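To start, the structure under review is shown below, and the notes come after it.
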Amino acid sequence: MEARETLRVPGSSEGIRLAAAGLDSFWRSHGLPEGGGWPFQVALDEAMSNIVHHGLSGRAGESEIEVEFRLVGSDVEIVLADDAPPFNPLELAEPDTRQDLDDRPVGGLGVALVRKLMDVVEYERREGRNHLRLRRKPLQVED
Amino acid sequence: MDVREEKVAGGVLVVAPVGRLDSVTSADLETRLLAHLAAGEAALVIDMAGVEYISSAGLRVLLSVAKKLRGRGRIALCSLGRSVRQVFELAGFLPLFTIEDSREPAVARMAGPG
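Residue numbers (numbering that gives the first Met the number 0), protein chains in the order written: chain A, 0 to 142; chain B, 0 to 113.
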């Protein structure tokens, strides 16, 4: 099965909200397993908020982010593209998840979660734009 | 986001966010929780039953509130759904919190003096 939907959202909190709503709608319209979309929603939230708060910082709201949802065989893929300065979220430092509460820095967890939730996480700088590709199979939810 | 709140026996405040705890909605929860801390609440139960999923923004709010309560209060979480529990596990957050399967034992553990 092949399908794709593309939307352009503002590089702001409103854009993050619209991207999440777009994923809900893509999920429903293609009959993907109910309850199996949350890893994509979490990864999308992490990726979008990194772009808005780090990549576009200072010019959030002026820029748009292109959000594409694709069905590729039995996988779902999300591709985010923006025209912010080169920004590779995969280079953000990962936290040590074994530290205890007092030592744990508040933050830095998002990228680690994306890596753990997705099978494919790829960054590419191409034609003056940042491209982030996230991919995995929909979660199969038993019961 | 919608947040249901209830003060129960033993001086415990139960806070139950409903919907997604993501980078857009987590600020609402943080505002409310910080207001409760400022008002002197010192025994909190966060009931996660209505939380569809949580991203790192939501985790940060819970961690930051737990840190603020250190030495002057207590916090427990309860009723984590499958997706929430899995994100806690992947993030290494399960050992950081008192977590109960349902509300009653969580309230019981937070209630009382001290």
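All C-beta atoms, glycine included, are put in the ideal place defined by N, C-alpha and C. Values in this document were obtained by computation on a predicted structure and should not be read as measured data.
Whole angstroms are fine: how far does the CA of residue j sit from the CA of residue i?
i                      : j                      : result
residue 106 of chain A : residue 107 of chain B : Model confidence at residue 106 of chain A stands at a pLDDT of 48, short of 50, so the residue's coordinates are unreliable; what they give is reported in the following sentence. Roughly 31 Å between the two C-alpha positions.
residue 109 of chain A : residue 55 of chain B  : 5 Å
residue 95 of chain B  : residue 64 of chain A  : 35 Å
residue 30 of chain B  : residue 44 of chain A  : 20 Å
residue 73 of chain A  : residue 0 of chain B   : 33 Å
residue 121 of chain A : residue 103 of chain B : 44 Å
residue 7 of chain A   : residue 93 of chain B  : 37 Å
residue 0 of chain A   : residue 50 of chain A  : 30 Å
residue 70 of chain B  : residue 28 of chain B  : 22 Å
residue 67 of chain B  : residue 37 of chain B  : 10 Å
Closer than 7 Å by C-beta to residue i: which residues in its own chain qualify, once you throw out the five before and the five after it? Chain order, please.
i                      : result
residue 142 of chain A : Confidence at residue 142 of chain A is low in this model, with a pLDDT of 47, below 50, so its placement is unreliable and the value that follows should be read with caution. Same-chain partners within the cutoff: there are none.
residue 62 of chain A  : 10, 55, 81, 82 and 83
Residue i CB to nearest chain B CB: under 9 Å?
i                      : result
residue 183 of chain A : With chain A represented from 0 up to 142, any question about residue 183 of chain A goes unanswered, as that position is not in the structure.
residue 12 of chain A  : yes
residue 37 of chain A  : yes
residue 77 of chain A  : no
residue 111 of chain A : yes
residue 84 of chain A  : no
Is the shortest distance between the beta-carbon of residue i and the beta-carbons of chain A less than 9 Å?
i                     : result
residue 23 of chain B : yes
residue 58 of chain B : yes
residue 32 of chain B : no
residue 53 of chain B : yes
Which first and last residues belong to the beta strand (DSSP E) in which residue i is found?
i                      : result
residue 39 of chain A  : Not the beta strand (DSSP E): residue 39 of chain A falls in the alpha helix (DSSP H), residues 37–49.
residue 74 of chain A  : 74–81
residue 1 of chain B   : 1–7
residue 2 of chain A   : 1–9
residue 59 of chain B  : It is not in any beta strand (DSSP E) - residue 59 of chain B instead sits in the alpha helix (DSSP H) that spans 55–68.
residue 119 of chain A : 119–125
residue 71 of chain A  : 63–71
For residue i, which residues of its own chain have a beta-carbon under 6 Å away from its beta-carbon, when the five flanking residues on both sides are left out?
i                      : result
residue 64 of chain B  : 32
residue 105 of chain B : 44, 75, 77 and 99
For residue i, which residues in the same chain have their Cβ closer than 8 Å to its Cβ, ignoring the five residues on either side in sequence?
i                     : result
residue 12 of chain B : 4, 5, 6, 35, 40, 42, 43 and 44
Where does the unbroken alpha helix (DSSP H) through residue i begin, and where does it stop?
i                      : result
residue 13 of chain A  : 12–28
residue 107 of chain B : 102–109
residue 34 of chain B  : 25–37
residue 87 of chain B  : 81–90
ask   = Is the number of C-beta pairs between the stretch 5–25 of chain B and the stretch 46–66 of chain B that are closer than 8 Å three or more?
value = yes
ask   = Does the stretch 110–127 of chain A touch the stretch 81–94 of chain B, meaning 3 or more C-beta pairs lie closer than 8 Å?
value = yes
ask   = With contact counted as at least three CB pairs below 8 Å, one residue from each stretch, are the stretch 129–141 of chain A and the stretch 24–42 of chain A in contact?
value = yes
query = Quick check: the stretch 1–17 of chain A against the stretch 56–72 of chain B, are there 3 or more CB pairs under 8 Å?
reply = no
key: Any 3 or more C-beta pairs closer than 8 Å across the stretch 123–132 of chain A and the stretch 74–82 of chain B   = no
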